[in-house]
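As structure tokens, the structure follows; a few thoughts come after it.
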Amino acid sequence: MLRNIITKTILCDSSQTRWWSLTSVAHLHKTVLHDFHVGKEGKMVEFAGYSMPVQYGKVGIATSHKEVRTHCGLFDVSHMLQSKIHGQDRIKFIEKLIVGDIEGLADNTGTLSLFTNPQGGIIDDLICSKTDLGYLYVVSNAGCKEKDLAHLKEHLSSFRAAGGDAQLEVIEDHGLVAVQGPQAAHILQPITEGNLGDLYFMNTREMRVAGIPCRVTRCGYTGEDGVEISVPNNKAVNFFVKAWGNTTKATVRHAWLAILPQLKSAEMKRQQPAELMNQVLETVRSIPAPGFQEVTREDLEEIMQEGNTNDVEDLLEDEEGGESGYTASDAGETEQRKVTTQKLSLLLGVFTSLQEMIQDIESESGEREQVIGVIESISRKYQTQYNERVNARQQSLITRFLSQRQPAEEDQQREVEVDDDIGEMPEDFDFAGFDEVLAEAVELCETLVGLGVHLAGLGARDSLRLEAGLCLYGNDIDDTTTPIEGGLTWTIGKRRRQTADFLGAEIILRQLKEKPERRRVGLTCSGPPPRSHSPVLDADGNQIGEVTSGCPAPSLGINVAMAYVPAAFAKVGTKLSVQVRKKNIPATVAKMPFVKCNYHNKK
């Protein structure tokens, strides 16, 4: 009971506030993956009325951040509001409420836009996509869900009363998963029916991912390439399974393909096992997962020594945050070792693949057999550890998935058929079988979570979006902020500036012409990171503005922030200071985004 009665604690220093809080989560909304997050040691916090993971286990936010910047991360963003707008006049209706030029969009493309109020303030930011299926697909913020729906319904009522043809459909049966990072498309392509290469930034398309019908949109909230995937709720966990499994295969493939040209060369045929070991070492070090870069040649050679069966455990001893519990016996003494399923599985896959490739190499001498002997020696030791570390049930699931063998017919998840007339489940639907398959998917998630894709939470999402110069509604923009003040003038379509028929257009367009009195700017500084509401001071110590968001920038090694200051102080390079914990910290107005964004644009 005490776990549900937690004194509210803010996840930063006591003098500042963040946009999430650690508090009782018993009363909060939960996404379809909530139990999965808890099972992965997700630190659940309140955000926009939902219980969401801010990070996982002992993995730091900076570590998650860097993983997304360099490789790939998965985010559960199912709390966001997804909706469709149907009807012959759907574009006319939505353009009364937002500033974007939706009419001018090509089919299956979208744009970031803004709901505005009559005073020119921003009600919410959203992505509106124009599909070729007779509807607009809209994704907006979880924290504004009730406000957005009330706004849409109010204006839809009057629009329809005046003869307009438009209908609103709230999508309640789909989750939303963001796969972000430079390797996102590479990981997803093998399990996606359709070419992700020609799905450019802000393009959207209905595609099958891991055999599941989804809507895939090339966008994100990190500044990296990636997609957001709208997936049916009853398939969301299964999608995570497929994504992790494919990353495992992609990682192992990356490792052994790097060595394949050397293995097939004439020179390699004549190499001694010791020379091949150098290639193996290079391959192992190339694996983009924690711990592999530190493996040494001596580590691998020791594994091969006769009778030395425990060195593999030392090699695979995990850093802080790894799984523990493996018991090893050495000289009659028993001690605890930390061994991750991730490293065992990946390394075993590398050596098994090497062995298979070497067997295909033509050789007129016994050198091939020598090389195979070396690989078999290594592989046996990893196989022993793998067998002891991963139980038979998990091995079966991994083998079945990675071999892409279809499960037995009785194990396949059956589609839920709904009678359109009465909306009821068929009486003969096997709930027990459905639950069993879902439980199996969760178990497979448990096994595959450490195999390559990094789970990322709200903490990493915040620092990533801030480095990319992206606004958080409620902090950096709100209903008192205009698009011009917020640096979002580019969201107002050229045609829309001429028609001036959206809410607040007169005020916004006048401000565009006359220039605003204040502007959103980026700041860089050292010392303790500024947080929301930190005062911004001029050279004389006078408060001229306020920070709206701030945090350390792991990609840059400095602190970054957004703030509103008078237009006279908004020029890049202007020297200011930020008050943090009653100390004035030097700050400089900087261009945003703070890091280069790597969107997949058409060249």
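Using the UniProt record's numbering, the first residue of the sequence shown is number 1, and each one after it goes up by one. We treat Cβ as the ideally placed atom computed from N, Cα and C, and that holds for glycine. Small disclaimer: the values here were computed from a predicted structure and weren't measured.
Would you tell me roughly how many angstroms separate the C-alpha atoms of histidine 454 and cysteine 219, rounded to the nearest one? Walking along the sequence shown from the start, residue 454 turns up at place 454. Walking along the sequence shown from the start, residue 219 turns up at place 219. Computed Cα separation, rounded: 19 angstroms.
Of the listed residues Pro554, Cys551, His533, Asn203, nearest to isoleucine 544 (C-alpha basis): As a position in the sequence shown, residue 544 is number 544, starting the count at 1. Answer by Cα proximity: His533.
Inter-stretch contact (C-beta, 8 angstroms, three-pair minimum) for the segment 485-492 and the segment 111-125: Yes, the segment 485-492 is in contact with the segment 111-125.
Could you give the first and the last residue of the continuous alpha helix (DSSP H) run that contains glutamate 546? By one-based count along the sequence shown, residue 546 stands at place 546. For glutamate 546, there is no enclosing alpha helix (DSSP H); the residue is part of the beta strand (DSSP E) that begins and ends at 543-553.
Contacting residues, own chain, Cβ-Cβ under 6 angstroms from threonine 111 (five flanking each side not counted): Position 111 of the sequence shown, counted from the start, is the residue given in the question as residue 111. So the list reads Gly100, once near-sequence residues are dropped.
Where proline 566 sits in the DSSP three-state scheme: Here residue 566 is taken as the residue at index 566 of the sequence shown, counted from 1. Proline 566: strand per DSSP, three-state reduction.
Can you find the residues in the same chain that come closer than 8 angstroms, C-beta to C-beta, to serine 463, ignoring five residues on each side of it along the sequence? For the purposes of this step, residue 463 is taken as the residue at position 463 of the sequence shown. Excluding residues within five positions, the ones whose Cβ falls inside 8 angstroms are Ile61, Ala62, His65, Cys551, Pro552, Ala553, Pro554.
Contact defined as beta carbons within less than 8 angstroms: I believe threonine 217 pairs with methionine 207. What is the distance between those atoms, to the nearest angstrom? Position 217 of the sequence shown, counting from 1, holds the residue named residue 217. Position 207 of the sequence shown, counting from 1, holds the residue named residue 207. Contact between threonine 217 and methionine 207 is ruled out by a C-beta separation of about 10 angstroms, above the 8 angstroms threshold.
Use the C-beta contact count for serine 157: other C-beta atoms within 10 angstroms, 16 or more gives buried, fewer gives exposed. The residue labelled residue 157 in the question sits at position 157 within the sequence shown. With fewer than 16 other CB atoms across the displayed protein chains lying within 10 angstroms of its CB, serine 157 is exposed.
Serine 78, DSSP secondary structure in three states: Position 78 of the sequence shown, counting from 1, holds the residue named residue 78. Note: serine 78 maps to coil in three-state DSSP.
Using the C-alpha atoms, what's the distance from valine 578 back to proline 528? Position 528 of the sequence shown, counting from 1, holds the residue named residue 528. Position 578 of the sequence shown, counting from 1, holds the residue named residue 578. When the Cα atoms are used, proline 528 and valine 578 turn out to be separated by approximately 10 angstroms.
Skipping 5 residues on each side, what residues in its chain have a beta carbon closer than 6 angstroms to that of alanine 590? Along the sequence shown, read from residue 1 onward, the residue named residue 590 stands at position 590. Excluding positions up to five away in sequence, the list reads Gly522, Thr524.
Write down the C-beta distance between alanine 460 and glycine 73 rounded to the nearest angstrom, noting that I regard them as a contact closer than 8 angstroms. Position 460 of the sequence shown holds residue 460. Position 73 of the sequence shown holds residue 73. Indeed they touch by this definition, with Cβ atoms about 7 angstroms apart.
In the segment 93-178, which residue ranges form an unbroken beta strand (DSSP E) of at least 3 residues, counting only runs that do not cross its ends? Whole beta strand (DSSP E) segments, 3+ residues: 109-116, 122-130, 135-140, 167-170.
Alpha-carbon spacing of aspartate 198 relative to lysine 602, whole angstroms: Along the sequence shown, one-based indexing puts residue 198 at 198. Along the sequence shown, one-based indexing puts residue 602 at 602. Answer to the nearest angstrom: the Cα atoms are 8 angstroms apart.
Can you tell me which of Arg581, Lys582, Pro586 puts its alpha carbon nearest to the alpha carbon of glycine 573? Taking the first residue of the sequence shown as position 1, residue 573 is located at position 573. Looking at Arg581, Lys582, Pro586, the one whose alpha-carbon comes closest to that of glycine 573 is Pro586.
Tell me which residues share the same chain as serine 526 and place their Cβ nearer than 8 angstroms to its Cβ, disregarding the 5 neighbours each side in the sequence. Along the sequence shown, read from residue 1 onward, the residue named residue 526 stands at position 526. Around serine 526: Ile558, Asn559, Ile585, Pro586.
Tell me whether lysine 571 is buried or exposed, calling it buried when 16 or more other Cβ atoms sit within 10 Å of its Cβ. Here the question's residue 571 lines up with position 571 in the sequence shown. Exposure of lysine 571 is indicated by the presence of fewer than 16 other C-beta atoms within 10 angstroms of its C-beta.
What does a CB cutoff of less than 7 angstroms around threonine 480 pick up in its chain, not counting 5 residues either side in sequence? Position 480 of the sequence shown holds residue 480. If we look at threonine 480 and ignore the five residues flanking it on each side, its Cβ neighbours are Gly121.
Buried or exposed: aspartate 540, going by 16 or more other Cβ atoms within 10 Å of its Cβ? Taking the sequence shown and counting its residues from 1, one reaches residue 540 at position 540. Burial call: exposed.
How many Å lie between isoleucine 91 and arginine 581 at the Cα? Mapped onto the sequence shown, residue 91 falls at position 91. Mapped onto the sequence shown, residue 581 falls at position 581. Distance between the alpha carbons of isoleucine 91 and arginine 581: 49 angstroms.
Output yes or no for whether 8 angstroms exceeds the beta carbon distance between threonine 548 and alanine 568. For the purposes of this step, residue 548 is taken as the residue at position 548 of the sequence shown. For the purposes of this step, residue 568 is taken as the residue at position 568 of the sequence shown. No, the pair does not count as a contact, with Cβ atoms beyond the cut-off.
Alpha carbon to alpha carbon, how far is glycine 211 from isoleucine 171? Give it in angstroms, no decimals. Taking the first residue of the sequence shown as 1, we reach residue 171 at position 171. Taking the first residue of the sequence shown as 1, we reach residue 211 at position 211. So the two alpha carbons sit approximately 21 angstroms from each other.
Residue nearest to leucine 537 in terms of C-alpha spacing, selected from Gly164, Gly223, Val565, Gly194: Within the sequence shown, numbered from 1, the residue matching residue 537 stands at position 537. With distances taken between Cα atoms, leucine 537 lies closest to Val565.
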